[in-house]
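Structure, as structure tokens:
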Amino acid sequence: MSDDVRALLGDEAVYEAAAAEAFPEHNKAHLVALELPDRSGDIIITTYGELDKNNYLDPRTAQVATVDHIKQKCTKLRPAADEELPSAYIEDFRSALDVELSKYVGEAYPKGVGAHYFEEGNVQLDTNIDCKDSTILQSPEECAVSITNIIRHHESEYLSSLEESYMNLSDATFKDLRRKLPVTRTLFPWHNTLALSLTRDLTKELAIGK
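Just so we're aligned, residue 1 is where the sequence shown starts under UniProt numbering, counting upward by one.
Pasting the structure below:
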């Protein structure tokens with residue numbers, strides 16, 4: 001994609017300025033996961049782990065990854081400084097939640113969260129839903145289980161609503177999209193097409209050409 005954008009702009013300075021602004025925002029908005037250089041796992045590009053535009057904290061391994069946003073690659077890795085790491089109290093909750101969510105994601109999304117399928121067309125669904133919920137602050141392990149169950153509940157409801165929408169596409173949604181009458185609000189006069197101005201104009205042109 002970056003090569004296409006560069007070709008369209010035709011100006012390297014403009015491209016560099018636009019890419020430096022756009023690609024980091026794109027990667028953060030889509031929560032892009034990049035493999036760490038030492039293959040110890042992946043790092044998710046988010047605003048929460050952003051130390052600066054090109055450096056992101058991976059709290060799981062306590063390392064900082066330098067990211068090439070355009071190529072979507074981690075180019076360097078270094079140990080995180082103490083001031084870059086969360087407190088021990090927060091880390092207890094984070095690591096417990098990490099364990100529970102990893103188990104849930106492995107069960108619910110074994111092949112990832114994105115699927116791209118097309119046949120004589122290219123249609124993709126990009127949607128989101130806002131949910132609100134709460135839980136009681138307990139031990140890190142109990143909180144992790146509670147939060148994971150909340151996520152499981154909301155995602156199950158959301159996926160069920162999508163399935164229901166798909167089942168109603170042909171009977172409701174597509175039917176509503178079809179125009180019941182043409183813009184004239186009358187049925188097409190198949191029995192008398194000469195009543196249409198386009199037909200009269202074509203007939204006149206054909207007559208002149210004879």
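Every residue gets a Cβ at the ideal spot worked out from N, C-alpha and C, and that includes glycine. Here the structure is a predicted model, which means the values were calculated and not measured.
- Non-local beta-carbon contacts of residue 64 in its own chain, meaning distances under 6 Å to residues more than five positions away in sequence, involve 55, 57, 78, 80 in chain order.
- For a cut-off of 8 Å, the C-beta gap from residue 72 to residue 113 is around 17 Å, too long to register as a contact.
- Residue 105 has its alpha-carbon roughly 37 Å from the corresponding atom of residue 6.
- By the Cβ-count criterion, residue 74 is buried, with 16 or more other Cβ atoms from all chains shown falling within 10 Å of its own Cβ.
- Taking each of 134, 141, 127 in turn and checking the Cα distance to residue 151, the smallest one comes out for 134.
- Shown here, residue 3 sits in a helix according to DSSP, grouped into three states.
- Around the beta-carbon of residue 14, fewer than 16 other beta-carbon atoms lie within 10 Å, marking it exposed.
- Secondary structure at residue 77: strand, using DSSP grouped into helix, strand and coil.
- Boundaries of the beta strand (DSSP E) around residue 44: 42 to 44.
- In this structure, residue 45 places its C-beta atom within 9 Å of the C-beta atom of residue 24.
- Rounded to the nearest angstrom, the gap between the Cα atoms of residue 49 and residue 95 is 15 Å.
- In its chain, beyond the 5 residues on either side, 45, 46, 47, 50 have a beta carbon closer than 8 Å to the beta carbon of residue 28.
- The Cβ atoms of residue 100 and residue 148 sit closer than 9 Å to each other.
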